[in-house]
Each structure stands twice: as C-alpha cells, then as structure tokens.
Amino acid sequence: MPRTKTQEIIFTIMMVILMVYGMVVYNISLDMGSLTNKVFMIALGELWIMGIVAFVIEFLFVGKLAQKMAFRMVNPRSDRPIVVILAISVMTVCLMCPMMSLIATVLFKGGFDVQIVAKWIQTTVMNFPMALGWQIFVAGPVVRLIFGKLFPVKEVNSQQVTA
Numbered sequence: 068m069p070r071t072k073t074q075e076i077i078f079t080i081m082m083v084i085l086m087v088y089g090m091v092v093y094n095i096s097l098d099m100g101s102l103t104n105k106v107f108m109i110a111l112g113e114l115w116i117m118g119i120v121a122f123v124i125e126f127l128f129v130g131k132l133a134q135k136m137a138f139r140m141v142n143p144r145s146d147r148p149i150v151v152i153l154a155i156s157v158m159t160v161c162l163m164c165p166m167m168s169l170i171a172t173v174l175f176k177g178g179f180d181v182q183i184v185a186k187w188i189q190t191t192v193m194n195f196p197m198a199l200g201w202q203i204f205v206a207g208p209v210v211r212l213i214f215g216k217l218f219p220v221k222e223v224n225s226q227q228v229t230a
C-alpha cells in the first residue's frame with residue numbers, strides 16, 4: 068500500500084486505469100449487445116476522459132472518505148490486512164460507482180433530459196456488481212501485485228535492531 072504522496076498518486080493512477088478500462092469495456096459491450104474485439108479499441112478512446120474524471124474524484128474525495136468509512140467497520144491495527152483491504156475496496160466501489168455512473172450517463176446516454184434519474188439508477192445498478200467483482204478479483208489484486216513489485220516494503224531484520 069502507498070506510504071508517500073508520490074506512491075499514493077502512482078497507486079491511484081494504476082487503479083483508475085484498470086478499473087475505468089474494465090468498466091468502459093463492460094458498458095460498451097452492454098450497449099453493443101456483445102463483447103467483441105472492437106469494444107476493446109473503442110474503450111481506449113473513452114479511457115482518457117473517464118480516467119481523468121475518476122482520478123480527480125478518487126484522489127480528492129473518495130479515497131479518504133472510503134478509508135474513514137472502512138475504518139468504522141475494521142481496525143487497521145488489529146484486523147488482518149486482507150480484511151482492511153477488502154473493506155476499503157468495497158467502500159470505494161460504493162462511493163465511486165454511483166458517481167462515475169452519473170458522469171457516464173450524462174456523457175454517453177443522452178445528457179440531461181427528463182429520464183436522467185432513471186437512466187442513472189439503471190446504469191448504477193448494472194455497474195455495481197461488475198465494479199465490485201472487478202475491483203475485488205481483478206483490478207485490486209493486479210494493481211497491488213504490480214505496486215508491491217515497484218515499491219517493495221523493506222523489512223527490518225530483528226537481529227539488526229538493538230535496544
């Protein structure tokens with residue numbers, strides 16, 4: 068997990084890219100009626116705008132709020148790390164999914180019209196299970212694996228520690 072502000076930015080960028088790309092692929096395939104090779108290319112075109120929006124929302128607002136919400140349920144000092152990670156991941160999806168679904172609804176599903184609320188609710192309901200599964204089973208583990216390789220935690224050898 069990130070230990071510095073620079074690491075936090077890098078971690079967030081990595082997570083945003085993987086989450087947004089996965090969700091854009093999912094939404095385009097829903098709109099087209101199937102997942103085809105063309106969907107992967109189209110998704111790259113939408114990645115940059117949704118990625119920038121997601122980064123700003125996550126980095127400025129959701130990241131800290133998700134942690135606060137998670138820490139009401141788990142204790143990072145006493146609970147197993149995986150439990151803490153899962154709690155933060157779930158809270159992040161609970162906050163990000165409705166926000167990003169609203170932005171996607173406005174940008175890609177007809178803008179602001181009389182059906183905006185209905186479209187937003189439907190988009191959120193369709194996105195939430197995918198976002199949660201993608202975060203817990205794909206994006207989260209992949210990003211943590213890569214991030215751990217880029218920024219390994221230096222372990223203190225107990226024999227080197229003197230009182």
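Numbering-wise (the working numbering), the sequence shown opens with residue 68 and increments by one.
We treat Cβ as the ideally placed atom computed from N, Cα and C, and that holds for glycine.
These figures come from a predicted structure and were not determined experimentally.
Closest to residue i by CA distance: which of the options is it?
i              : options                           : result
tryptophan 201 : Lys216, Arg70, Ile109 and Ile84   : Ile84
isoleucine 170 : Ile188, Thr73 and Thr159          : Ile188
cysteine 161   : Gln74, Val192, Leu127 and Thr71   : Val192
threonine 79   : Lys221, Val209 and Val220         : Val209
isoleucine 77  : Phe107, Ile109, Phe126 and Ile152 : Phe126
glutamate 113  : Asp146, Met81 and Phe175          : Phe175
arginine 211   : Phe195, Ile183 and Leu153         : Leu153
glycine 207    : Val181, Ile116 and Val151         : Val151
proline 165    : Phe195, Met99 and Pro219          : Phe195
methionine 197 : Met68, Glu75, Leu97 and Gln74     : Leu97
Let me know if residue i comes out buried or exposed under the rule of 16 or more other beta-carbons within 10 Å of its beta-carbon.
i              : result
methionine 232 : Given that the chain is displayed from residue 68 to residue 230, the structure contains no residue 232 and the question cannot be resolved.
glycine 130    : buried
arginine 70    : exposed
asparagine 104 : exposed
asparagine 94  : buried
methionine 117 : buried
asparagine 142 : exposed
valine 92      : buried
Under the assumption that residue i contacts residue j (Cβ atoms under 8 Å), give the Cβ distance between them as a whole number of angstroms.
i                 : j              : result
isoleucine 124    : methionine 90  : Not quite, the Cβ-Cβ distance comes to about 13 Å (not below 8 Å), so this is no contact.
isoleucine 203    : serine 156     : 6 Å
methionine 158    : alanine 133    : 4 Å
phenylalanine 214 : methionine 81  : 6 Å
alanine 110       : tyrosine 88    : 6 Å
threonine 172     : isoleucine 183 : 7 Å
phenylalanine 179 : glutamine 74   : At roughly 38 Å, the Cβ-Cβ gap does not stay under 8 Å, so phenylalanine 179 and glutamine 74 are not in contact.
Query raised in the report: Can you give, in chain order, each stretch of the beta strand (DSSP E) that sits fully within the stretch 138-202 and has at least 3 residues?
Result: none
Query raised in the report: In chain order, which continuous runs of the alpha helix (DSSP H) of length 4 or greater are located wholly inside the stretch 78-106?
Result: none
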